[in-house]
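**Student:** One structure coming up, written as structure tokens, with questions to follow.
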DNA sequence: GTCGTTGCAAAGCGTTTGCAGCCTA
DNA sequence: TAGGCTGCAAACGCTTTGCAACGAC
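Protein chains in written order, with my numbering: chain A, 16 to 150; chain B, 16 to 150.
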């Protein structure tokens, strides 16, 4: 039987509020503001059980610790900004994924991670270029 | 200045021979057979410097330690078998990747990981079903 | 001989686990 | 009150680092 606890509530609330995948440490920092004395182990334990009940999913990133997001009902992928390291949701999916598959292989899932520059960082960059030009 | 060493040679040879991405521990086990007394730290150090010189690349997998492969000249993706955990190269790429991108975002790289059952495991499964049927 | 490289062991770092006490139902 | 959940600290597994010795050039 699963009990409602302040800690678990806070963790869920933090994830919901963020609206983007968070690292365990980020969740810990934010949730600790609501529940003082919170332990990092509790964050991991809650994430694990939330994952088992399908309420959250982990997003694995190259060379980084996984981040966690509330499980949406929609299939989606992610975009990682190479500049600010922020992770975005992409609500689209290539049509021709299955065509990549060698013969005899069966496809069950697929992960796609796009990387580049997000709109916020792209704007900053072009602003800086404008600033630099007069020199 | 970079020196040639038995350890470094063995590591490169192991990667070349494997022809698929290997985990550091796998590389260590195989290279140790050629160079006894080899330390795991040396494997990590070599992989790191090989990566810096662009000779090898790391393949990041969800929830697993990265695996390493010799850097090919061809852009490719990977297929991870959910049954035998073996990682395959996919020499194809979706055409419409750029269409996924939100406006204002710029794409620099993309990773795709397909998962399912490889041809070897799919065959084993169908054999077992045949075996089971007579019962 | 120089100094890049190595093996070993210790240290790091993120994550998990053991345990006694707490708190929800 | 029962037993799931918690905080703490220790343990973990993988990776990195410090250091003295080794060996390629």
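A virtual CB, placed ideally from N, CA and C, is assigned to each residue, including glycine.
Remember, predicted model here, so these are calculated numbers, not experimental data.
#1: In the DSSP output, which residue or residues are listed as bridge partners for residue 103(A)?
#2: Would you mind stating whether residue 111(A) and residue 111(B) have Cβ atoms separated by less than 9 Å?
#3: Give the single residue among 95(A), 51(A), 122(A) whose Cα lies nearest to the Cα of residue 132(A).
#4: So does the region 89–107 of chain A actually touch the region 26–44 of chain A, counting three or more Cβ pairs closer than 8 Å?
#5: Quick check: the Cα distance between residue 120(A) and residue 90(B), rounded to an integer number of angstroms?
#6: Who does residue 73(B) pair with in a DSSP beta bridge?
#7: How about residue 49(B) and residue 28(B): are their beta carbons less than 9 Å apart?
#8: Suppose the cutoff is 7 Å on Cβ atoms and the five residues either side in sequence are ignored; what does the same chain contact list for residue 47(A) look like?
#9: Assign residue 22(A) to one of two classes, buried (16 or more other C-beta atoms within 10 Å of its C-beta) or exposed (fewer than that).
#10: Taking Cβ-Cβ distances below 7 Å as the criterion, which residues of the region 119–146 of chain B are in contact with chain A?
#11: Tell me which same chain residues have a C-beta within less than 7 Å of the C-beta of residue 71(B), skipping the five on either side of it?
#12: With DSSP as the reference, label residue 78(A) as helix, strand or coil.
#13: Mind listing which residues of the region 89–114 of chain B have their C-beta closer than 8 Å to chain A's C-betas, in chain order?
#14: Would you say residue 65(A) lies against chain B (beta-carbon separation less than 9 Å)?
#15: Name the residue from 139(A), 135(A), 16(A) whose alpha carbon lies nearest to the alpha carbon of residue 68(A).
#16: At least one CB of chain A closer than 9 Å to the CB of residue 78(B): is that the case?
#17: Measuring alpha carbon to alpha carbon, tell me which of 106(B), 128(B), 97(B), 114(B) ends up nearest residue 140(B).
#18: Would you grab the beta carbon distance between residue 128(B) and residue 92(B) for me? Rounded to a whole angstrom, and I think it's under 8 Å.
#19: Where do the N-terminal and C-terminal ends of the alpha helix (DSSP H) with residue 62(B) fall, by residue?
#20: Contact check, residue 109(B) vs residue 109(A) under 8 Å by CB: the rounded distance?
#21: For a test of the three-state rule: what should DSSP assign to residue 32(B), helix, strand or coil?
#22: Which residue's Cα is closest to the Cα of residue 118(A): 25(B), 56(B), 136(B)?
#23: Please classify residue 25(B): is it buried, with 16 or more other beta-carbons within 10 angstroms of its beta-carbon, or exposed?
#24: State the beta-bridge partners of residue 130(A) as determined by DSSP.
#25: Output needed for residue 41(A): all residues of its chain with C-beta closer than 7 Å, excluding positions within five of it in sequence on either side, in chain order.
#26: So what does DSSP say about residue 37(B), is it helix, strand or coil?
**Tutor:** Straight from the coordinates:
#1: Residue 103(A) is bridged to 94(A).
#2: yes
#3: For residue 132(A), the nearest C-alpha among the options comes from 95(A).
#4: yes
#5: 20 Å
#6: 83(B)
#7: yes
#8: 53
#9: buried
#10: 119, 120, 121, 122, 123, 124, 125, 126, 127, 128, 129, 130, 131, 132, 133, 134, 137
#11: 30, 62, 65, 83, 84, 85, 86
#12: coil
#13: 92, 94, 97, 103, 105, 107, 108, 109, 110, 111, 112, 114
#14: Using a Cβ-Cβ cut-off of 9 Å, residue 65(A) does not count as an interface residue toward chain B, since no Cβ of chain B sits closer than that to its own.
#15: In terms of Cα proximity to residue 68(A), the closest of 139(A), 135(A), 16(A) is 16(A).
#16: yes
#17: Ranking the options by Cα distance to residue 140(B), first place goes to 97(B).
#18: 7 Å
#19: 55–67
#20: 4 Å
#21: helix
#22: 136(B)
#23: buried
#24: DSSP lists 95(A), 124(B) as the bridge partner or partners of residue 130(A).
#25: Around residue 41(A): no qualifying Cβ.
#26: In this structure, DSSP gives residue 37(B) an extended state, which the three-state scheme calls strand.
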